[in-house]
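The block underneath contains the structure these notes are about, expressed in structure tokens.
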Amino acid sequence: EQLDTTYRPGGWNARQVIHHVPDSHLQAYSRFKLVLTEESPTIKPYHEDRWASLEDTFQTPVEISLNLLEALHYRWVKLLESMAVDDFDLYYIHPEYGKKYALGAVCKLYAWHGKHHLAHLSLIKNSTQV
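Following this line, the structure appears as structure tokens:
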């Protein structure tokens with residue numbers, strides 16, 4: 016089945032990619048809220064490979080994560096629309112990298128992130144078509 020196909024040897028399968036995107040975007044959305052309510056917070060990193068290997072990834076229908084992603088993006092857009100231009104210069108600190116990440120740059124990163132993983136899913140789709 017396509018959901019169990021990886022986009023490259025040793026890579027995640029389609030199911031893991033689909034569940035990863037809302038996991039990751041939830042982290043980013045939460046970080047936006049932290050930055051907007053705290054002063055230059057240090058965020059808590061997470062281990063995306065470990066998250067992608069948890070049993071819920073394999074037991075949950077992908078439609079659940081697709082619905083979650085749609086709802087999350089709706090909320091995130093509402094938050095983005097409410098932000099002042101200067102808010103996009105606010106930042107959080109990532110302790111693993113010792114870097115500051117401004118919300119404007121993070122917004123661009125996650126716009127790319129979704130497209131990046133959509134390309135992985137396209138590779139899987141194209142490789143499994145007869």
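Under my numbering, the first residue of the sequence shown carries the number 16, and numbering increases by one thereafter.
All C-beta atoms, glycine included, are put in the ideal place defined by N, C-alpha and C.
Item                                                                                                  : Value
Beta-carbon spacing of V32, L136 below 8 Å                                                            : yes
Validate contact between the region 59-73 and the region 115-124 using beta carbons, cut 8 Å, 3 pairs : no
Burial state of V50, where buried means 16 or more other Cβ atoms lie within 10 Å                     : buried
Beta-carbon proximity list for W91, same chain, < 6 Å, skipping 5 on both sides                       : Y44
Start-to-end residues for the alpha helix (DSSP H) that takes in H35                                  : 29-52
CB contact flag (T143, Q42, <8 Å)                                                                     : no
Bridge-paired residues (DSSP) for I79                                                                 : Per DSSP, none; premise fails for I79.
Beta-carbon spacing of H109, P56 below 8 Å                                                            : no
DSSP bridge partner residues for A117 (one or two, in chain order)                                    : Y106
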